[in-house]
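Chains as they are written, first to last, in my numbering: chain A, 14 to 272; chain B, 14 to 272. Note that CB positions come from ideal geometry on N, CA and C, so glycine has one too.
Number of protein chains: 2
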Amino acid sequence: MLTTTAFARTAALIGDPARANMLAALMDGRALTARELAEAAGVTAQTASGHLAQLTGAGLLAMERQGRHRYHRLASSAVAQMLESIMAVAAGGAAPARPVRVGPRDAALRRARTCYDHLAGQLAVAIAERMTERGQIELSPDGGVITAAGTDFLRGLGVDVAAASARAARRGGGQSGGGRLFCRPCLDWSERRPHIAGAIGAALCATCFARGWIRRIEGTRAVAVTPAGRAALDAAFGFRTSLELDFAAPHTYIGVARP
Amino acid sequence: MLTTTAFARTAALIGDPARANMLAALMDGRALTARELAEAAGVTAQTASGHLAQLTGAGLLAMERQGRHRYHRLASSAVAQMLESIMAVAAGGAAPARPVRVGPRDAALRRARTCYDHLAGQLAVAIAERMTERGQIELSPDGGVITAAGTDFLRGLGVDVAAASARAARRGGGQSGGGRLFCRPCLDWSERRPHIAGAIGAALCATCFARGWIRRIEGTRAVAVTPAGRAALDAAFGFRTSLELDFAAPHTYIGVARP
DNA sequence: GCGAGGCTTCGGCGGTGGCCGAAGCATCCG
DNA sequence: CGGATGCTTCGGCCACCGCCGAAGCCTCGC
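What follows is the structure, encoded as structure tokens:
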């Protein structure tokens, strides 16, 4: 990029409501068809087609054909990180006002959701805090690292730590990484506190899905904790009770009846 | 943020060419007057005024009055990181095409510039690589950390490491940081390789300015290395000669006469 | 206090770009 | 092979939003 035109063009692409809805729908890391994205954006198929062509042309989306379907997904984790950072700023601007009345659908999103390839929401923040308390990870706004105890702990959960390490090194693009296993902190836009992203966050999230601890809630980025998952996560992270998550950030529940 | 409207609105604000130019001009971390920003955007004062009101209202900019001037700056490092990430994606989308013919002004930008509060460009990438080779820092896409040797080295350069550590902890927002000193890796959009950001990157950059090693080039985000700075940086980081920087990424110099 | 400079508000103009209907390719299926 | 489904292209409509000229408010300096 030499001028600001590419910069402005990229932001403008994200700035259209229809395209923003498409990108937000893709933030769960899955690949969706043009029709699904049209529905997510609330526009007709032909309008969506035009938008998707623009997003793909600009390198924000990657497309692959499968039969008569065309699956679109975010082109890279760099795009996901960009969208995350915009969400963080957008949420920050609105936050100073008093907490808004939120519906049950928002509550589910705040509780637990996927953020491209890792977990976010109260669940993810609680996990990060518990692992910090136990000395398994260290997080700061500038970076994070997993301790030996954390590596052992994750391995015990069934997380493929070695693969995550290899993936991080592969993405390295020239720098070594020195063998230390970093975990990228990601500011949770709903909780305003960091959770675990990066290769380790992705591996942990994948394990939660693989073991059936969480499952996607149809049509949203929110995920539900299964009964088995509840037991497993309580045991692993020492949540005293499942209610703990409700009280992790009580202000987000204003206006929502709590059982 | 509950809906995608705030998300789209934020991106749309950045997506206008005039506002994008303003934000890019503010990416050097300084505060500029409305008039200066109008000139940077290439619009009249009244148009700029409207844009600035929108950006400030959305929380992207902070404004403070000083006499009859109004100084505008980026509201937070979160905003700066967001803009950085957009630039990285925007540059990535354009990069696949063959390298563009660049002018001397772009060459200066690629050589060395400020990125909100830290250094970027070939100089910053070279510093990061040299410190990595020496085992003074470890960088990966997911995070970075300074070793004990690196802390000593920076202290020897006159960098206020303790203050940077305190600043990182203060920004921590609840998580401890455990005493380890992280350095945030930031993907350089012109070099496509990481350089040092975060509290440590800011402290190092501040030291370079304070000691007169670099100075701003009027009207751009580019910085020039002073003769004293050249000697000091060569000695500190072991650059064999100042030409080394020219060859760090030779493809960026196509079309530019090299002395 | 008065003029000058910095910044903002107002009003009207114009262009970019998103939207959909209709029609046109590609692929799958019976 | 013909109909159904998924996606794209084309053309025209319309709204939004950025732009500037003019005028008004605030602060400074003489």
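In terms of beta-carbon proximity, B/GLY63 stays away from the interface with chain A, with every pair separated by 8 Å or more. At a Cβ-Cβ threshold of 8 Å, A/GLY134 and A/ASP29 do not count as neighbours.
Using a Cβ-Cβ distance cut-off of 8 Å, the stretch 45-55 of chain A and the stretch 44-57 of chain B are not in contact, since fewer than three pairs of beta carbons, one from each stretch, lie closer than that value. Using a Cβ-Cβ cut-off of 8 Å, A/CYS221 does not count as an interface residue toward chain B, since no Cβ of chain B sits closer than that to its own. Runs of the alpha helix (DSSP H) spanning 4 or more residues and lying entirely within the stretch 28-62 of chain A occur at 30-39, 47-54, in chain order. Separation of B/ILE99 and A/LEU26 (C-alpha to C-alpha, rounded to the nearest whole angstrom) is 11 Å. Relative to the Cα of A/TYR129, the nearest Cα in the group A/THR18, A/ILE209, A/ALA31 belongs to A/ILE209.
Within 7 Å of the CB of A/GLN67, no CB atom of chain B is found; the nearest one sits about 11 Å away. Proximity of chain B to A/LEU45 at the Cβ level (cut-off 9 Å) is not reached, the minimal Cβ distance being about 15 Å. For A/ARG193, the chain B residues whose C-beta falls within less than 7 Å of its own C-beta are GLU151, VAL158, listed in chain order. If you look at A/PRO240, you'll find it in the alpha helix (DSSP H) that goes 240-250.
For B/CYS128, the enclosing beta strand (DSSP E) begins and ends at 126-128. When C-alpha distances from B/ALA223 are compared across B/ASP173, B/ALA182, B/SER89, the shortest belongs to B/ASP173. DSSP places B/VAL158 inside the beta strand (DSSP E), whose first and last residues are 156-159. Taking a contact as a CB-CB distance under 8 Å, the pair A/ALA93 and A/MET40 counts as one, their CB atoms being some 7 Å apart. Not a single CB atom of chain A sits nearer than 8 Å to the CB of B/CYS128. Apart from the 5 residues on each side of it in sequence, A/PHE250 sits with its Cβ closer than 8 Å to the Cβ of ALA139, ILE140, ARG143, MET144 in its chain, given in chain order.
Checking the DSSP bridge columns, you'll see A/MET95 has no partner listed. Annotation: the continuous alpha helix (DSSP H) that includes A/CYS218 extends over 211-223. At least one C-beta of chain A is nearer than 8 Å to the C-beta of B/ALA37.
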